[in-house]
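Read through the structure below, which is laid out as structure tokens, and then see the notes.
Protein chains: 2
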Amino acid sequence: MKVYIEPIGRLINEFTRLPGVGQKTAQRFAYKIINMTDEEAKNFANAIISAKTDVHYCKKCGNYSEGDICDICKKRSSETVCVVKEPKDVIAIEKLNEFDGVYHVLHGTISPMDGVGPNDIKIKELLERIAEGTVKEVILATNPDVEGEATAMYISSLIKPLGIKVSRLAHGIPIGTDLEYADEMTLSRAFIDRKTL
Amino acid sequence: MKVYIEPIGRLINEFTRLPGVGQKTAQRFAYKIINMTDEEAKNFANAIISAKTDVHYCKKCGNYSEGDICDICKKRSSETVCVVKEPKDVIAIEKLNEFDGVYHVLHGTISPMDGVGPNDIKIKELLERIAEGTVKEVILATNPDVEGEATAMYISSLIKPLGIKVSRLAHGIPIGTDLEYADEMTLSRAFIDRKTL
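Chains as they are written, first to last, in our numbering: chain C, 1 to 197; chain G, 198 to 394.
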């Protein structure tokens, strides 16, 4: 005899697709939905549908956008372009409220192991934007892992000859961390990139 | 400037309604949805709608049911009735695969502090089922908290005079726990309810 009736079992199953959600958590989520009003559940379902139908990618920078061109590209100067791997990296940087340039989302990083080459990510589009002539600095903000570093080096080798300033986010010991807890890679990078006071 | 575009912000908001889900987790869930195929997202949304429209309560026992009468009430003998607070308690007991009687879901427990009296939960319905004459034992499986205990005592005082066997789930030290870690209430109950070997 099955423990859940079909609609509940199905909903639990759907919730387990979410990252970090196991059977038990999915069950709690499902109970929460069942105890919502019809109106609330409908809004929830509609928000999911809408996130698929109303979220597009900006034709200029590849960021999430409701229209063809995102609000950031529309309103800001494109003198400084910050290159990131994914749209969610844009959100992380936007939360700082410090960067006032535009972005370029690569939608991936070069990873020969996974069969992702330079032509599979939006590097060509970045070069086209630079060719328009307004870009003065490119900040490479890909992740500090092997693929992110390789991608940054590759892009840098393409852009530098064009006479454009290319920079990379600083690596080092995170604020608030004790030296003894920093991993070796980070600590050694912090030594190499040490600042003269 | 807002960080999220509207459809994403709305979905994140909806996810934070789920128990134990904060802003950060909701954001991860939203990204997962955005990266699903249209088909997958639609299935997800439909499962939510369906959980509201296709889940009813069994007219006999108050458990979740797809039809008027739940599968448990349809197939099992009603000699033993296990009384629980909520439908999810039924699922917890069903998972054991040991109890083969039927259930009665109270949909709450007596709690004067919250203004919930005996007439606000499904005690009358339980008495009506007993009046039909097939019930031989009632197992009171409400939670071992103040409200659960009070409800169990109250129901017991109503049913016992009818000559029906009334029992309550055993309290004691959980299997696998060290004595020193058991809380005082539990330990003292374990002493009171000690079994003669």
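Here a beta-carbon is modelled for each residue, glycine too, at the ideal position from N, C-alpha and C. From a predicted model like this one, the values you see are computed outputs, not experimental measurements.
query: Euclidean distance between Cα positions of K142/C and F296/G; result: Per the sequence shown, residue 142/C should be read as Thr rather than Lys. Spanning the two alpha carbons is a distance of roughly 56 Å.
query: Strand pairing of Y254/G, partner residues [DSSP]; result: Y261/G
query: R273/G, DSSP secondary structure in three states; result: coil
query: Minimum C-alpha distance to K195/C - residue among I155/C, G172/C, A182/C; result: G172/C
query: 8 Å Cβ cutoff met for V335/G and V280/G; result: yes
query: Straight-line gap, V200/G to V3/C (C-alpha atoms, nearest Å); result: 42 Å
query: Residue from P371/G, A347/G, L303/G, T383/G whose Cα sits closest to the Cα of K282/G; result: L303/G
query: Residue nearest to G305/G in terms of C-alpha spacing, selected from G345/G, E276/G, Y254/G, F212/G; result: G345/G
query: Contiguous alpha helix (DSSP H) assignments of at least 4 residues, all confined to the stretch 125-188 of chain C; result: 146-159
query: Simplified DSSP assignment, three categories, for Y228/G; result: helix
query: Cβ-based burial, M1/C [other Cβ within 10 Å; buried from 16]; result: Note that M1/C scores 46 on pLDDT, short of 50, meaning its location in the model is unreliable; the coordinates nonetheless yield the value given after this. It counts as exposed.
query: Neighbourhood of V102/C by C-beta distance below 7 Å, restricted to the same chain and skipping five residues each side; result: C61, I72, C73, R76, S78, V81
query: I231/G at chain C interface by Cβ criterion, 8 Å; result: yes
query: Coil, strand or helix - V218/G by DSSP; result: coil
query: Opposing strand residues paired with C279/G [DSSP bridges]; result: Y300/G, I336/G
query: Where the stretch 301-313 of chain G meets chain C: residues whose CB sits under 9 Å from a CB there; result: none
query: Where the alpha helix (DSSP H) containing R207/G begins and where it ends; result: 203-212
query: Interfacial residues, the stretch 64-75 of chain C to chain G, with Cβ spacing under 7 Å; result: Y64, S65, E66
query: Where the alpha helix (DSSP H) through P87/C begins and ends; result: 87-96
query: I121/C versus A289/G - alpha carbon distance; result: 48 Å
query: Alpha carbon of N243/G to alpha carbon of D251/G, nearest angstrom; result: 11 Å
query: Contact list for the stretch 19-31 of chain C against chain G, Cβ threshold 9 Å; result: P19, G20, V21, T25, Q27, R28, F29, A30, Y31
query: Chain C residues whose Cβ lies nearer than 7 Å to that of V200/G; result: I91, E94, K95
query: Classification of N97/C by the beta-carbon crowding that lies within 10 angstroms, buried from 16 upward; result: exposed
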